[in-house]
Every structure is written in C-alpha cells, then in structure tokens.
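Engineer: The following block contains the structure, expressed as structure tokens.
Numbering (mature numbering (1 follows the signal peptide of the UniProt record, and there is no 0)), first residue to last: -16 to -1, 1 to 217.
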C-alpha cells in the first residue's frame, strides 16, 4: 500500500505546494522520555479528515515511521523498533497539526525525520532529532592509592556513567589551570547506546594537590564535576 501511496502523494502539479512548517533547529529529546516532532500545515479552504494523508519516514533510509490516511493509522510497513511508540493527533489534523508523538526515546531514534502531508496539495519537510542523557556524578580513583610522596607519578581516573552524547572532559588543578593535555579519555557504549566515559589524568604529585574533573554534556549544557585533594607525605 505504501508503494502506491507515495507516488499518488507526489503526483501533483509542481507549483501545488502545501505550506508546511517544521523546526529549523534540531529537536533535543531526553533518553527514555517522550518527544513531539512538530509538523504543521496551512491548507486554503475547508477540508475533512478523509482528505488528509500523513506519512513520517526516516529521511536517509526511507523507512516508514508512521502513516495515516483514510481516517486511520496505517502501520503495516512501520519500521522495526517503532512499534507501539508512535502516534499522531487525529483530532488536530483538520486544524493543520501533523505532528508525531514518539514515546520512550532511545539513542537509535536519533536522526533526520521527514514529514509528508497531502490534502488537496502536497509538501514535505525534514527535521533533525538529537538524543541526550545526563551523566552520573563522576567518581575518581587513584593509582597508587597509598604511600604517596611528593614527586611520585599519580594517575587519577575519573568515570561517569549513562550519558549521551560524548561529553567534553576538562581536568583542572586547584587554581583552575587546565590540565587536559595530560589526559587520556575513552568512551564505551552499553546495550542502550549510552556512554561510560573514563578519563585518566597523569601528574607529578606535589605536597598538597587538588584536581577537578568536569564533564560537560554539549546538548544539555549540563555539567557534572568532582573535586579531590591528594596529600603526599
């Protein structure tokens, strides 16, 4: 049915374009939460729900996310992974609201989505969905853990869990001087696609040394940090 629908939606005069609006800026959704991908249209003249066809698909792969025509959802070709997670707002369709509700957002949902709408006219527009998840409060461990003396080489390992996307890691000393040139950072994804970030700072220990490990999530503008003081004898 989908293969027949899209050509029919496209078979309109080149100048007959529906006025369609989607967000210009990326839509940021929190992992595990619901998000509405806004798509609205203006149609000259009155129309009924039976006149409306809406189709959401992944822009790059063309896989179906949600379809609606003949006054009902059309989900037989819906891509795996979206089952029972998508819906439109049928009562709002005749008011020009073709937005998609995507429930329980996961990292794999990230990407470009195209909204197709046809009433008497047709148009499509794409928007970008980005997924974000806050990191846990960082934890710091030392190597070696004891018998530390000034001048010893010290490795501090800072770990934070369950975040997305990759965070910016900044190490500073007690005076705020940037130590990031002395770090090694690694990222490992879990089965949900969320990251564990591990950053190791190697320094020469002074009698009293303080260090601040900061992780900044670029999408949430959110910072997690931990401040530690190490005493050498």
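Here a beta-carbon is modelled for each residue, glycine too, at the ideal position from N, C-alpha and C.
Any idea which residues DSSP pairs residue 1 with across the strands?
Structural biologist: Answer is 106, bridged to residue 1.
Engineer: Which whole-angstrom value describes the C-beta separation of residue 69 and residue 88, a residue pair presumed to lie in contact below a C-beta threshold of 8 Å?
Structural biologist: The Cβ separation is near 6 Å, so the contact holds.
Engineer: With respect to the beta strand (DSSP E) encompassing residue 42, which residues constitute its N-terminal and C-terminal limits?
Structural biologist: First-last of the beta strand (DSSP E) with residue 42: 37 to 42.
Engineer: For residue 115, name the three-state secondary structure that DSSP assigns.
Structural biologist: Strand.
Engineer: Measuring CB atoms only, is the region 28 to 45 touching the region 10 to 18, in the sense that at least three cross pairs come out at less than 8 Å?
Structural biologist: No, because fewer than three Cβ pairs between the region 28 to 45 and the region 10 to 18 fall closer than 8 Å, the two stretches do not touch.
Engineer: What are the partner residues of residue 207, as DSSP defines its beta bridges?
Structural biologist: 200, per the DSSP bridge assignment.
Engineer: Check the C-beta distance from residue 156 over to residue 103 and give it rounded, since I have them as a contact under 8 Å.
Structural biologist: No, residue 156 and residue 103 are not in contact; Cβ-Cβ is about 57 Å, not under 8 Å.
Engineer: Considering only the beta carbon of each residue, do residue 136 and residue 189 sit closer than 8 Å?
Structural biologist: Yes, they are a contact pair.
Engineer: Please list, in chain order, all residues of the same chain as residue 177 whose beta carbon is under 6 Å from its beta carbon, the five residues on each side excluded.
Structural biologist: If we look at residue 177 and ignore the five residues flanking it on each side, its Cβ neighbours are 91.
Engineer: Which value, in whole angstroms, describes the spacing of the CA atoms of residue 94 and residue 111?
Structural biologist: Those two C-alpha atoms are separated by around 11 Å.
Engineer: Should residue 73 be labelled buried (16 or more other beta-carbon atoms within 10 Å of its own) or exposed?
Structural biologist: It is exposed - the Cβ of residue 73 has fewer than 16 other Cβ atoms within 10 Å.
Engineer: Can you tell me whether residue 181 is buried or exposed, with buried defined as 16 or more other CB within 10 angstroms of its CB?
Structural biologist: Buried: at least 16 other Cβ atoms inside 10 Å.
Engineer: Here's the rule: buried if 16 or more other CB atoms are within 10 angstroms of the residue's CB, otherwise exposed. What is residue 62?
Structural biologist: That one is buried.
Engineer: Any idea if residue 115 is buried or exposed, counting beta-carbon neighbours within 10 angstroms, 16 or more meaning buried?
Structural biologist: So residue 115 ends up on the buried side.
Engineer: Which residue wins for smallest C-alpha separation from residue 164, given the options 100, 5, 142, 60?
Structural biologist: Of the listed residues, the one whose Cα sits closest to residue 164 is 142.
Engineer: Span of the beta strand (DSSP E) holding residue 127?
Structural biologist: Here the beta strand (DSSP E) through residue 127 covers 123 to 127.
Engineer: Taking the Cβ atom as the reference point for each residue, do residue 149 and residue 210 lie within a distance shorter than 8 Å?
Structural biologist: Cβ atoms of residue 149 and residue 210: not closer than 8 Å.
Engineer: Give the C-beta separation of residue 78 and residue 32 to the nearest angstrom, bearing in mind that I take them to be a contact with Cβ-Cβ under 8 Å.
Structural biologist: Going by Cβ atoms, the distance from residue 78 to residue 32 rounds to 7 Å, so yes, they are a contact pair.
Engineer: Among 81, 117, 105, which one has its Cα closest to the Cα of residue 205?
Structural biologist: Looking at the Cα atoms, 117 is the closest of the given residues.
Engineer: Skipping 5 residues on each side, what residues in its chain have a beta carbon closer than 6 Å to that of residue 145?
Structural biologist: Contacts found: 120, 180.
Engineer: State yes or no: is the C-beta of residue 99 within less than 8 Å of the C-beta of residue 19?
Structural biologist: Against a cut-off of 8 Å, the Cβ pair of residue 19 and residue 99 comes out as no contact.
Engineer: Label residue 153 either buried or exposed according to how many other C-beta atoms from any shown protein chain fall within 10 Å of its C-beta, with 16 as the threshold for buried.
Structural biologist: So residue 153 ends up on the buried side.
Engineer: Counting C-beta neighbours from all protein chains within 10 Å, is the total for residue 160 16 or more, i.e. buried, or is it exposed?
Structural biologist: Label assigned to residue 160: exposed.
Engineer: Could you check where the alpha helix (DSSP H) with residue 55 kicks off and where it finishes?
Structural biologist: Element bounds for residue 55: n/a, residue is neither H nor E.
Engineer: Taking the beta carbon of residue 29 as the centre, do at least 16 other beta carbons fall within 10 Å, making it buried, or is it exposed?
Structural biologist: So residue 29 ends up on the exposed side.
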